[in-house]
Amino acid sequence: MTTTAPDRSRVWPWIAIVVAGLVTLVAGMLVPQDAVQGQLSRILYVHVPGAWLAYLAFGVTMAASAMYLWRSTLIWDRLAASSAEIGVYFTGLTLALGMIWGKPTWGVWWTWDARLTLTAIMFFVYLGYLALRRTTDDIDARAKRSAILGVLAVVQVPLVHFSVVWWRSLHQAPTLLKPESPDMDGEMVVALLVSLAMFTLMYVAMMVKRMELARLEEQVLRAEQSDAGPVAGAAVTAPSLGEES
Amino acid sequence: MDFGSEWGWVAAAYAVTYVSLIAFAGSIAIRIKKARLKLNERS
Amino acid sequence: MSVSFFGQARTVASRDLLRERRSGEVAWVTLPFGAVALLLVPIAIGTDAPTLRAVGIGMFWVVVMLFGVLVSVRRTGADSQSQKDMVSLTGIDPAASFVGSAWASSLLLIVFEVILGLLTIALYDIRIVGWAWVPLILILVAVGLGLLGTLAGGIVSTDRSAAALVPLIVAPMSVPLLIAATQAFEGLRLGHSILTWILMLVVVVLVLAIAGVLSARPLQETG
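Residue numbers (the numbering used here), protein chains in the order written: chain A, -5 to 239; chain B, 13 to 55; chain C, 8 to 230.
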């Protein structure tokens, strides 16, 4: 049973994404430039929210994984997987924007400060999670395996975090400008909060759509698997002469 | 840092953001459509 | 007469090690592969002694992390579906099976580390300071990586996976092991206390052991 006419519930997420994107763009352009960084500070209004979403999506994936192991209802698996895919996107975007901001600011594409390194590691944890999901079409096995990996990641990531932070504290990088400079003036704070809110709206809207996709793909998988299965009548075969069955 | 080159980096950043956003959102939309088509074929 | 948890684990470990002795995959494939990696690095980055001495220990640990995980996913460590069914029918506690497999992998990893370590010392002209601590570090890393690799292998556990999937999953999560191992050696070289790093290794091992034991039954039920 599918509706063919696009009703409001199916369209609002796309509208929300467009609106959020436009509002962010406007905020990033209207805000005054930073005294020190100049126009480059505008990049932060997409970079910082992206980083926030990367971590939010990661947290949701991990929490939903735990919930799936507890409840075994597939909606948690869909939630975890959807958040992971969106998280990969935003983590990749954050890293790319960080490099685009970093090159003119620091003169290098990459620095090995703790936060960047951790974000890069998190990107690969996500990728591993998504790669794992591709190894099986068995919906329940896929859900359980992914959930266990998700919870393992939750447990290991604090250790990864501590080890990286301690490691960098021993090898102090020269003082670098941090994206959130402590003395941002009022308008910049507002712009940042606006873009954070907009990106969060984007995340929610994308999640709605991505979960719809997850539900549909599950239906397709189930339909394909029931097609492939034998029907009851196949249990009895007609006797044939001479040939071994 | 001169005015021109700064805006170049800003433009690059926003271009990367919005192009990738459209591509990612678009891929979700396309996959939804494909899944619906597959289900319609069967029903 | 039921066998104790560690008795079961020991049986599984012995079986794994016996299989490995027959096939020799670690000895003839994984170890040489790791050795080749250590050989390639100076070819790529230059053979001047100061550079190599500076990167040697780090390169050794990177090779252990990336190539060592192949020890945990060796063919002889994996069961086919019918073997897995047999094992679960025997009523062996899946957690004991996990511990046994991880134990076997860890032992193989210690051998892996020792041989490649000696090779690194030779090729990169490394001077080790604080030899007394070295066995402890090697053992802790081997156990941690063995646990992590066995756990990841259990999670993946399917023929459809790409060969590099388990290494992909393990690599980011092996970062605490990598950092603790390299910083411990660095600390020894500089004469600093390395207790923080030893402690980190112990914590990682405990966390992975608990995670592995707790997830063993759910993973077995997945089939």
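Every residue gets a Cβ at the ideal spot worked out from N, C-alpha and C, and that includes glycine. Since we're looking at a predicted model, the values are computed, not measured.
Asked: In this structure, how does DSSP classify Gly32/A when only helix, strand and coil are distinguished?; Found: strand
Asked: By alpha-carbon positions, which one of Val36/C, Gln88/C, Gln190/C ends up nearest to Trp140/C?; Found: Gln190/C
Asked: Should Asp166/C be labelled buried (16 or more other beta-carbon atoms within 10 Å of its own) or exposed?; Found: exposed
Asked: Can you pull the chain A neighbours of Val28/B, defined as C-beta to C-beta under 8 Å?; Found: Leu87, Ala90, Leu91, Ile94
Asked: When you compare the CB of Val230/A with every CB in chain B, is at least one pair closer than 8 Å?; Found: no
Asked: Let me confirm a value: His165/A is counted as buried when at least 16 other C-beta atoms fall within 10 Å, else exposed. Which label applies?; Found: exposed
Asked: In chain A, what lies closer than 7 Å to Thr165/C by C-beta?; Found: Thr129, Thr130
Asked: Using a Cβ cut-off of 7 Å, pull out every chain C residue sitting near Ile115/A, in sequence order please.; Found: Pro179, Val182
Asked: Taking its Cβ as the centre, do 16 or more other Cβ atoms sit within 10 Å of Asp55/C, making it buried, or is it exposed?; Found: exposed
Asked: Count Cβ pairs between the region 21 to 39 of chain A and the region 201 to 215 of chain A that sit closer than 8 Å; are there 3 or more?; Found: no
Asked: Quick one, which of Ala51/A, Leu19/A, Ala29/A has its alpha-carbon nearest Tyr197/A's?; Found: Ala51/A
Asked: Less than 8 Å between the beta carbons of Ser140/A and Ser66/A, yes or no?; Found: no
Asked: List, in chain order, every chain B residue whose beta-carbon is nearer than 7 Å to that of Tyr83/A.; Found: Phe36
Asked: Any beta carbon of chain B sitting closer than 8 Å to that of Pro173/A?; Found: Since pLDDT at Pro173/A reaches only 49, below the 50 mark, its modelled position is unreliable, and no value is offered.
Asked: What does Val31/B touch in chain A if you count any residue whose Cβ is under 7 Å from its own?; Found: Within 7 Å Cβ-Cβ: nothing; Val31/B doesn't reach chain A, min ~11 Å.
Asked: In terms of alpha-carbon separation, which member of Ala137/A, Phe193/A, Ala90/A lies closest to Val12/A?; Found: Phe193/A
Asked: With a threshold of 8 Å between beta-carbons, can Leu143/A be considered close to chain C, or not?; Found: yes
Asked: Give me the chain B residues within the contact set of Lys203/A, using Cβ-Cβ distance strictly less than 8 Å, ordered along the chain.; Found: Ala37, Ile40, Ala41, Ile44
Asked: Quick check on this structure: which residue in Gly65/C, Ala187/C, Leu145/C, Pro179/C has the alpha carbon closest to the alpha carbon of Ala159/C?; Found: Pro179/C
Asked: Out of Ala41/B, Lys50/B, Leu33/B, Ser17/B, point me to the one whose CA is closest to Gly44/A's CA.; Found: Leu33/B
Asked: Considering only the beta carbon of each residue, do Met200/A and Ile40/B sit closer than 8 Å?; Found: yes
Asked: Below 8 Å on the Cβ atoms is my guess for Ala102/C versus Arg224/C; work out the distance and round it to an integer in Å.; Found: 7 Å
Asked: In this structure, does DSSP put Trp6/A in helix, strand or coil?; Found: helix
Asked: Using 8 Å as the limit for Cβ to Cβ distance, is Pro26/A near chain B?; Found: no
Asked: Excluding five sequence neighbours on each side, which residues of the same chain lie with their C-beta closer than 7 Å to the C-beta of Ser181/C?; Found: Met72, Leu152, Leu155
Asked: Exposed or buried, which one is Ser112/C when buried takes at least 16 other CB atoms within 10 Å?; Found: buried
Asked: Whole angstroms is fine: what's the gap from Tyr49/A's alpha carbon to Ala14/A's?; Found: 19 Å
Asked: Step through the CB atoms of chain B and report whether any lies within less than 8 Å of the CB of Leu187/A.; Found: no
Asked: Using the Cβ count rule (16 or more neighbours within 10 Å means buried), how would you classify Ser87/C?; Found: exposed
Asked: Keeping to the same chain, check which residues put their C-beta closer than 6 Å to that of Tyr61/A; ignore five residues upstream and five downstream.; Found: The question names Tyr, but residue 61/A in the sequence shown is Met. Once the five neighbours on either side are set aside, the close Cβ partners of Met61/A are Trp70.
Asked: Answer with buried or exposed for Thr58/C, where buried requires no fewer than 16 other C-beta atoms within 10 angstroms of its C-beta.; Found: exposed
Asked: Can you tell me whether Arg128/A is helix, strand or coil according to DSSP?; Found: coil
Asked: Run the proximity test for Val20/A: is its beta-carbon closer than 7 Å to any non-hydrogen atom belonging to the ligand PLP?; Found: Judged by which ligands are present, the structure shown has none, so any question about the ligand PLP falls away.
Asked: Taking Leu207/A as the reference, give the member of Met23/A, Val30/A, Ala75/A, Ala29/A with the closest Cα.; Found: Ala75/A
Asked: Classify Leu16/A: buried if its beta carbon has 16 or more other beta carbons within 10 angstroms, exposed otherwise.; Found: exposed
Asked: Hey, would you say Ile9/A sits closer than 8 Å to Ser222/C, going by beta carbons?; Found: no
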